[in-house]
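> Provided herewith is a single structure, encoded as structure tokens, for subsequent inquiry.
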Amino acid sequence: MTSSLLPEVHDLLAREAHLLDDRNYEDWLRLFTDDCLYWMPVDPLAEDGALRLNVFYDDRAKMEDRVSRLDSGTAYTEEPISLTARTFAALQVEPENGDGDRLVARSNFQLIAYRSGEQRLLGGRYTHRLIRDAGELRISEKRVTLLGSDAPQRPMTFLF
Amino acid sequence: MHRDVYVDPDVFAAEMERIFMRTWVYVGHDSEVPKPGDYKTTAIGTEPVILTRDKEGEVQVVVNRCSHRGAAVCLLPRGNSSGFRCQFHGWTFGLDGALAAIPYSEEAVDKEAMSLTRPPRVESYRGFVFASFNPEVPALTDHLREVLPHIDRFVEHAGEHALRVSPDANEVVYDANWKMQLENNVDGYHLSFTHQSLFGVLQRRIGKQSRYISGSTEAQATVEAFPNGNAVMDLRSVATEVLRQRLDIVPGAPPPDADLDRYFGIEGAEDLYLASTGPPVNVSIFPNLNLGSINICEIHPLSVNRTRVVLRPLLLDGVPDDINRIRLRYHEIGSGPAGFVQPDDLEMFERVSLGLASEEVEWVQMTRGREREVDSGEGRVVSHVSDETPQRGQYRWWRELMGAAE
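Residue numbers (the numbering used here), protein chains in the order written: chain A, 1 to 160; chain B, 1001 to 1406.
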């Protein structure tokens, strides 16, 4: 069963990656459910972020805040903007329930961010939780486990 | 201010020796090492140190360097241990740094000389632990005298509930001088400009204009410089509404019409909920600590042009988890490398660093408010929130410590 889901999930994650690198945030937000969670724990081993400190722990409204800030022209760490190019690999998809309408997709990522003459390489693991809604897969949770999330970082105000 | 103060490696080396090795430096909060054996690695300037709690429950500070050949004895940011063992040649030390054992040692050794080095002075005030390598440094409470009431307010902002520092921290590095962050913590002038995007977010969410301060000279918000380089920025009269707005955009905030007592499951929940913003007063303690909102900010100089900043939110003991959850989410709005506030500060510090590449222009202006500030005597100078009074106070003390040479 999972093998048949793999191409569909891969397409969704590839689409997400291109939307982010294209800075098409409006369409990126449409990939998520209304009650979604987009987060990066400080502790890469944290299981639940609600009562822990995170690098970010966004509900949909705060994701929209984040996007509006990036589009405002006054989020100065992104003026001039960071260009990004990301890849993901080692994608595995597992059902989270018997109906197969809830899935968890795990992958590894590398994100190159370019600004001010310098390329930064950030790497880690993505965990996407997906829900099939009216036939279409949407993201209900995206966890970004960044290697070094608990170490001092330069600003990372672009989206992961 | 001459540009060398920010860019000259010789000035930086002198600062480590004459400031960080001579005055009180903040090393941690009691609640970071609550139990015997707990430790946290940190630094006093560029000296790596470990804050520990020994078996007797006393807080200790030891240099993180084996007395033998110099290897660091502790590599983790925090943990719990019965002592420290240097893995190079197996020397072991107690939590207070005392030499415990040297392998294959048959001759008598001077245990005191072979122990981990300790700063001669460690003192704390209301849970804030400071250390000094200067045995002659005045008592900590003398150094802090004028800011003690402000520290008290910070500690008591949630009533009886004890503060507990989050073990996780938001950490950032920037390529500019450490004093940029020290100045910034009490810089009321930059808020409306550097952080314009935060006000934009609030405005979009609440549908009306949001701002801390205006250019009006009638605005009551103040900054005040004290002796010893300490300072406060007091936004109580102007910031309450903006802080409340920030609380409203916290992910998972109670709905606007929620009965807060029912939501949190306790009586008197509103006061506790509103306390999640912390007091709108930044307390800057020279050279490396700022208390503001609900966080503790540590400044770690790494080199003349590189600085690490550690921000830890304060949680409360004896409250429902939902209160601490709100506090964490509140802190995350602004802080850390992906926050809506702190990254823009770092960006400005680095732009200053780029601009100071100019050797043609030697001087940085720091004169705003010199005509209207009021010297209330005994080294206390108060002025309008947008004035550079605190920064002048910081550099008066800086010059004192550095000697008249600069």
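C-beta: ideal position from N, C-alpha, C; glycine also.
Here the structure is a predicted model, which is why all the values come from computation and not from measurement.
Would you verify that the beta carbon of Asp1321 of chain B is, or is not, closer than 8 Å to some beta carbon of chain C?
The chain labelled as chain C is not found among the protein chains of the depicted structure, namely A and B.
> What are the boundary residues of the beta strand (DSSP E) that includes Trp39 of chain A?
As a first step, residue 39 of chain A is located in the first sequence; it is residue number 39 there, counting from the start. Counting along the chain, the beta strand (DSSP E) containing Trp39 of chain A begins and ends at 32 to 41.
> Is it right to say Pro7 of chain A is buried, meaning 16 or more other beta carbons lie within 10 angstroms of its own, or is it exposed?
The count along the first sequence starts at 1 and reaches residue 7 of chain A at position 7. Flag for Pro7 of chain A reads exposed.
> Anything in chain A within Cβ reach of Pro1313 of chain B, meaning under 9 Å, just list it in chain order.
Position 313 of the second sequence, counting from 1, holds the residue named residue 1313 of chain B. In chain order: Leu53.
> So is Ser1237 of chain B buried or exposed if we call it buried at 16+ other beta carbons inside 10 Å?
Taking the first residue of the second sequence as position 1, residue 1237 of chain B is located at position 237. By the neighbour-count rule (16 or more Cβ atoms within 10 Å), Ser1237 of chain B is not buried but exposed.
> Between the C-alpha atoms of Phe88 of chain A and Gln1342 of chain B, what's the straight-line distance to the nearest angstrom?
The residue given as residue 88 of chain A occupies position 88 in the first sequence. The residue given as residue 1342 of chain B occupies position 342 in the second sequence. Going by the C-alpha atoms only, they are around 29 Å apart.
> Helix, strand or coil: how does DSSP classify Gln1394 of chain B here?
In the second sequence, the residue the question calls residue 1394 of chain B occupies position 394. Correct three-state label for Gln1394 of chain B: helix.
> Shorter than 8 Å from the beta carbon of Val1173 of chain B to some beta carbon of chain A?
As a working note, residue 1173 of chain B is residue 173 in the second sequence. In terms of beta-carbon proximity, Val1173 of chain B lines the interface with chain A, with at least one pair separated by less than 8 Å.
> Do Phe32 of chain A and Arg115 of chain A come within 8 Å of each other at the CB atom, strictly closer than that value?
Within the first sequence, numbered from 1, the residue matching residue 115 of chain A stands at position 115. Within the first sequence, numbered from 1, the residue matching residue 32 of chain A stands at position 32. When the beta-carbon positions are compared, Arg115 of chain A and Phe32 of chain A stay at least 8 Å from each other.
> With distances taken from CA atoms, which of B:Pro1120, B:Gly1339, B:Arg1205, B:Ser1067 is nearest Pro155 of chain A?
Position 155 of the first sequence, counted from the start, is the residue given in the question as residue 155 of chain A. Looking at the Cα atoms, B:Gly1339 is the closest of the given residues.
> Please determine, among B:Phe1199, B:His1384, B:Gly1252, B:Lys1040, the residue with the shortest C-alpha to C-alpha distance to Gln1245 of chain B.
The residue you call residue 1245 of chain B lines up with position 245 of the second sequence. Of the listed residues, the one whose Cα sits closest to Gln1245 of chain B is B:Phe1199.
> Express the C-alpha separation of Glu118 of chain A and Leu111 of chain A in angstroms, rounding to a whole number.
As a working mapping, residue 111 of chain A is identified with position 111 in the first sequence. As a working mapping, residue 118 of chain A is identified with position 118 in the first sequence. Cα to Cα, Leu111 of chain A sits roughly 13 Å from Glu118 of chain A.
> For Pro41 of chain A, count neighbouring C-beta atoms within 10 Å of its own C-beta (all shown protein chains included) and say buried if the count is 16 or more, exposed if not.
As a position in the first sequence, residue 41 of chain A is number 41, starting the count at 1. Pro41 of chain A is buried by the Cβ-count criterion.
> Which same chain residues end up closer than 7 Å to Phe1020 of chain B when comparing Cβ atoms and leaving out the 5 residues on each side of it in sequence?
Reading the second sequence from its first residue, position 20 is the one you call residue 1020 of chain B. Same-chain partners within the cutoff: Ile1044, Gly1045, Pro1287.
> Check the C-beta distance from Ile1285 of chain B over to Leu1076 of chain B and give it rounded, since I have them as a contact under 8 Å.
Taking the second sequence and counting its residues from 1, one reaches residue 1285 of chain B at position 285. Taking the second sequence and counting its residues from 1, one reaches residue 1076 of chain B at position 76. Wrong, their Cβ atoms sit about 27 Å apart, outside the cutoff.
> With a CB to CB cut of under 6 Å and the five nearest residues on each side skipped, what residues in its chain are close to Val1410 of chain B?
Past the boundaries of the shown model lies residue 1410 of chain B; chain B is included only from 1001 to 1406, so the question cannot be answered.
> Kindly indicate the opening and closing residues of the alpha helix (DSSP H) around Val1374 of chain B.
As a first step, residue 1374 of chain B is located in the second sequence; it is residue number 374 there, counting from the start. Where Val1374 of chain B is concerned, there is no enclosing alpha helix (DSSP H), although the beta strand (DSSP E) it sits in stretches over 1374 to 1377.
> Interface residues of chain A around Gly1200 of chain B at Cβ under 8 Å?
Mapped onto the second sequence, residue 1200 of chain B falls at position 200. In chain order: Ser68, Arg69, Ser72, Thr74.
> From B:Tyr1039, B:Arg1380, B:Ser1386, pick the residue whose C-alpha is nearest to that of Asn1230 of chain B; which is it?
Within the second sequence, numbered from 1, the residue matching residue 1230 of chain B stands at position 230. Of B:Tyr1039, B:Arg1380, B:Ser1386, the residue nearest in Cα terms is B:Arg1380.
> Mind the definition here: the stretch 1171 to 1180 of chain B touches the stretch 1290 to 1309 of chain B only if three or more C-beta pairs lie below 8 Å; say whether that holds.
yes
> If we define contact as Cβ-Cβ less than 8 Å, is Phe1340 of chain B a contact residue for chain A?
To locate residue 1340 of chain B, count along the second sequence from 1; it is residue 340. For Phe1340 of chain B, the closest Cβ of chain A is nearer than 8 Å.
> Would you say Asp1187 of chain B faces chain A, with C-beta separation under 8 Å as the test?
One-based indexing of the second sequence puts residue 1187 of chain B at position 187. No, Asp1187 of chain B lies away from the interface with chain A (no Cβ there is under 8 Å from its Cβ).
> Whose C-beta lies closer than 8 Å to the C-beta of Asp1152 of chain B among residues of the same chain, with five residues either side of it excluded?
Translated into the one-based positions of the second sequence, residue 1152 of chain B becomes position 152. Excluding positions up to five away in sequence, the list reads Arg1126.
> In angstroms with no decimal places, state the Cα-to-Cα distance between Asn1080 of chain B and Ser1115 of chain B.
Reading the second sequence from its first residue, position 80 is the one you call residue 1080 of chain B. Reading the second sequence from its first residue, position 115 is the one you call residue 1115 of chain B. The C-alpha of Asn1080 of chain B lies about 20 Å from the C-alpha of Ser1115 of chain B.
> Are at least three pairs of beta-carbons, each pair with one atom in the stretch 1078 to 1093 of chain B and one in the stretch 1101 to 1117 of chain B, less than 8 Å apart?
yes
> Does chain A have any CB closer than 8 Å to the CB of Arg1211 of chain B?
Taking the first residue of the second sequence as position 1, residue 1211 of chain B is located at position 211. Answer no: the Cβ-Cβ gap between Arg1211 of chain B and chain A never drops below 8 Å.
> Kindly say whether Arg1145 of chain B, judged by its beta-carbon, lies nearer than 8 Å to any beta-carbon of chain A.
Taking the second sequence and counting its residues from 1, the one referred to as residue 1145 of chain B is at position 145. No, Arg1145 of chain B does not count as interfacial toward chain A.
> Can you check whether the CB of His1384 of chain B is closer than 8 Å to the CB of Thr1222 of chain B?
Residue mapping note: residue 1222 of chain B aligns to position 222 of the second sequence, counting from 1. Residue mapping note: residue 1384 of chain B aligns to position 384 of the second sequence, counting from 1. Yes, Cβ-Cβ distance for Thr1222 of chain B and His1384 of chain B is below 8 Å.
> For Ser1166 of chain B, return the contacting residues in chain A, with the cut-off set at a CB-CB distance below 7 Å.
Indexing the second sequence from 1 puts residue 1166 of chain B at position 166. Ordered by position in chain A, the residues that pass the 7 Å Cβ test against Ser1166 of chain B are Leu53.
> Please name the residue in B:Pro1256, B:Lys1055, B:Leu1202, B:Val1173 whose C-alpha comes closest to that of Asp150 of chain A.
The residue you call residue 150 of chain A lines up with position 150 of the first sequence. Residue B:Val1173 is the option with its Cα nearest to Asp150 of chain A.
> With 16 as the cutoff for other CB atoms within 10 Å, does Asp1321 of chain B come out buried or exposed?
Within the second sequence, residue 1321 of chain B is the residue found at index 321, counting from 1. Looking at its Cβ environment, which holds fewer than 16 other Cβ atoms inside 10 Å, Asp1321 of chain B is exposed.
> With a 10 Å radius around its C-beta and 16 neighbouring C-beta atoms as the bar for buried, classify Phe1012 of chain B as buried or exposed.
One-based indexing of the second sequence puts residue 1012 of chain B at position 12. Counting Cβ neighbours within 10 Å, Phe1012 of chain B comes out buried, since at least 16 surround it.
> Note down, in chain order, each residue of its chain lying with its Cβ closer than 8 Å to the Cβ of His10 of chain A, except the 5 sequence neighbours on either side.
In the first sequence, counting from the first residue as 1, residue 10 of chain A sits at position 10. The residues are Leu91.
> Helix, strand or coil for Pro1256 of chain B, going by three-state DSSP, please let me know.
As a working note, residue 1256 of chain B is residue 256 in the second sequence. When secondary structure is reduced to three states using DSSP, Pro1256 of chain B falls in the coil class, being assigned neither helix nor strand.
> Between the beta-carbon of Glu1410 of chain B and the beta-carbon of Thr1367 of chain B, is there less than 8 Å?
Residue 1410 of chain B falls outside the range modelled here, since chain B spans only 1001 to 1406, and no answer is possible.
> Report the rounded CA-to-CA distance for Gln1394 of chain B versus Asn1064 of chain B, giving the unit in angstroms.
One-based indexing of the second sequence puts residue 1394 of chain B at position 394. One-based indexing of the second sequence puts residue 1064 of chain B at position 64. When rounded, the distance between both Cα atoms is 30 Å.
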